[in-house]
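The sequence shown runs 10 to 329 under this note's numbering. The beta carbon of each residue, even a glycine, is placed where N, CA and C say it ideally should be. Before any comments, here is the structure.
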Amino acid sequence: MAVTYLDFKPRRFMSCRHRQTILAALFGGTKSLPETVQHKIELPDGDSLFVYDDSPASAAPDLPTLLVHGLGGSHASSYLTRLAKRLRQNNQRVFRMDMRGCGLGIPVAKRTAHAGASDDLARTIQWIQEFTHSSSIRVVAYSLSGNILLKLLSESEETQSISIEQAIAICPPIDLAYASHQIKKKYWGFYDYQFIRSLKKDIAQRLKHHPDCKWSRLTPFPKSLFEFDDRFTAPLNGFQDANDYYQRSSSKLNLHRISVPTKIMIADDDPVVPAEIFDNVQLSETTNLFRTPHGGHMGYLASKGRRWLDDQIISWLESD
Numbered sequence: 010m011a012v013t014y015l016d017f018k019p020r021r022f023m024s025c026r027h028r029q030t031i032l033a034a035l036f037g038g039t040k041s042l043p044e045t046v047q048h049k050i051e052l053p054d055g056d057s058l059f060v061y062d063d064s065p066a067s068a069a070p071d072l073p074t075l076l077v078h079g080l081g082g083s084h085a086s087s088y089l090t091r092l093a094k095r096l097r098q099n100n101q102r103v104f105r106m107d108m109r110g111c112g113l114g115i116p117v118a119k120r121t122a123h124a125g126a127s128d129d130l131a132r133t134i135q136w137i138q139e140f141t142h143s144s145s146i147r148v149v150a151y152s153l154s155g156n157i158l159l160k161l162l163s164e165s166e167e168t169q170s171i172s173i174e175q176a177i178a179i180c181p182p183i184d185l186a187y188a189s190h191q192i193k194k195k196y197w198g199f200y201d202y203q204f205i206r207s208l209k210k211d212i213a214q215r216l217k218h219h220p221d222c223k224w225s226r227l228t229p230f231p232k233s234l235f236e237f238d239d240r241f242t243a244p245l246n247g248f249q250d251a252n253d254y255y256q257r258s259s260s261k262l263n264l265h266r267i268s269v270p271t272k273i274m275i276a277d278d279d280p281v282v283p284a285e286i287f288d289n290v291q292l293s294e295t296t297n298l299f300r301t302p303h304g305g306h307m308g309y310l311a312s313k314g315r316r317w318l319d320d321q322i323i324s325w326l327e328s329d
């Protein structure tokens, strides 16, 4: 497996994985963009989700880019809005997605997003291509949605009606069982707790809009991501339990099937998605793995306030 190490130099006193991860999230920057247009996409089972069109009037008519958030995020996540803003400044057609049941989409979806929801991503891509009359699309997906994107790319039956020119997956948890175990075990369960705290707020909102959903009545509330997936995510979305959900949704064993030009970015010191899940993984000839010694989980804070990861993604999108 060919691996390319990239030259990321952390900001002074910011080489610590936890500082990179936490400070990047706390001080993310842009939260909203002006003149964004919301579109509702109907899903086959009756649920809906939203996408947000950030395209300037002068945007290039073809090759849109779709940005997809991670667990606990939404279209308003700062890492999406920052990148969308820069793409828009470059006159690119760009969309941000609320995965099913996330962000403003909670009232219009009885089910929720999950790591195996490649069908939702495929439907969204198909809608954007039809809406923009585009022959192809580029997709940038972060963390959990990075696994969804990689899973989609390996499924020929889901990609028949869409055309992806370039795919970029940032810090994707391709082995869900291992990642879930490690996030509970390491760093006193700090990141596990942070995700659970965020998900608890989402569940409270879901109960307001879907009071009849028995899976949302989590008393006592789960204390780990594994328990949350076992008691909520898995049964709500048709899986037997968390182990079944992880096994059927992880993309790791099928990465060799990908035929689309794909880039995967990971940091060796990621405290959320362990870099070792990529050890000995079999990649396709069209897939390139990029690593950095530092960066944390979607951090990559460089000197002078520069967002190195944003720069790298822009460079990839503009060069290919």
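In this structure Arg105 touches Val60 by the C-beta definition: roughly 7 Å separates them, less than 8 Å.
The three-state secondary structure of Leu52, taken from DSSP, is coil.
Taking the CA atoms as reference points, Arg26 sits about 4 Å from Gly305. Counting other Cβ atoms within 10 Å of its Cβ, Lys272 reaches 16 or more and is therefore classed as buried. Counting every other CB atom within 10 Å of its CB across the protein chains shown gives Pro229 a total below 16, marking it as exposed.
Inter-residue distance for Ser165 and Arg266 is about 9 Å (C-alpha atoms, whole angstroms). Judged by DSSP secondary structure, Lys40 falls outside any alpha helix (DSSP H); it is assigned neither H nor E. For Ser67, same chain residues with a beta-carbon under 8 Å away, outside a window of 5 residues either side, are Asn100 in chain order.
When C-beta atoms of the region 136-156 are compared with those of the region 75-88, three or more pairs fall below 8 Å, so the two segments count as touching.
Residue environment analysis places Gln321 among the buried positions, since at least 16 neighbouring C-beta atoms fall within 10 angstroms of its C-beta.
Looking at the DSSP output, Leu185 shares a beta bridge with no other residue.
In the three-state scheme derived from DSSP, where H, G and I count as helix and E and B as strand, Ser127 is classed as helix. Annotation: the continuous alpha helix (DSSP H) that includes Ser328 extends over Trp317 to Ser328. Look at Arg21 here: in three-state DSSP terms it is coil, with no helix or strand label.
Closest by C-alpha distance to Phe36, out of Ser328, Pro65 and Tyr309, is Tyr309. The beta carbon of Tyr88 is closer than 7 Å to those of Gly37, Tyr151 and Met307 in its chain, skipping five residues each way along the sequence. Excluding sequence positions up to five before and after His219, its CB lies within less than 7 Å of the CB of Lys119 and Ser225, all in the same chain and listed in chain order. Residue pairing from DSSP leaves Tyr202 without any beta-bridge partner.
Spanning the alpha carbons of His190 and Arg257 requires a straight line of approximately 17 Å. Inside the region 249-281, DSSP marks whole beta strand (DSSP E) runs of 3 or more residues at positions 271-276, from first to last along the chain. Between Leu185 and Tyr255 the beta-carbon gap is near 4 Å, inside 8 Å, which marks them as a contact.
Taken atom to atom, the span from the alpha-carbon of Val269 to that of Phe299 is near 16 Å. Taking the Cα of Thr39 as reference, the smallest distance to any Cα among Ile171, Phe287, Ser24 and Ser86 is reached at Ser86. Taking Thr141 as the centre and dropping the five residues before and after it, the same chain places the C-beta of Pro70, Asp71, Pro73 and Arg102 closer than 8 Å to its C-beta, in chain order.
For Ile173, same chain residues with a beta-carbon under 8 Å away, outside a window of 5 residues either side, are Ile134, Ser145, Ile146, Arg147, Val148, Leu162 and Val269 in chain order. Contact between Ala178 and Gly155 holds: CB atoms are separated by about 4 Å, below the 8 Å threshold. Between the C-alpha atoms of Lys217 and Thr301 there is a straight-line separation of about 43 Å.
Collapsing the DSSP output to three states places Leu96 in a helix. DSSP, reduced to helix, strand and coil, places Ile134 within a helical segment of the structure shown. Inter-residue distance for Leu113 and Glu294 is about 38 Å (C-alpha atoms, whole angstroms). DSSP lists Thr13 and Met274 as the beta-bridge partner residues of Phe299. The alpha carbon of Leu58 has as its nearest neighbour, out of Val117, Phe241 and Val282, the alpha carbon of Val117. The closest CA to that of Lys313, considering only Met23, Glu327 and Trp136, is found on Met23.
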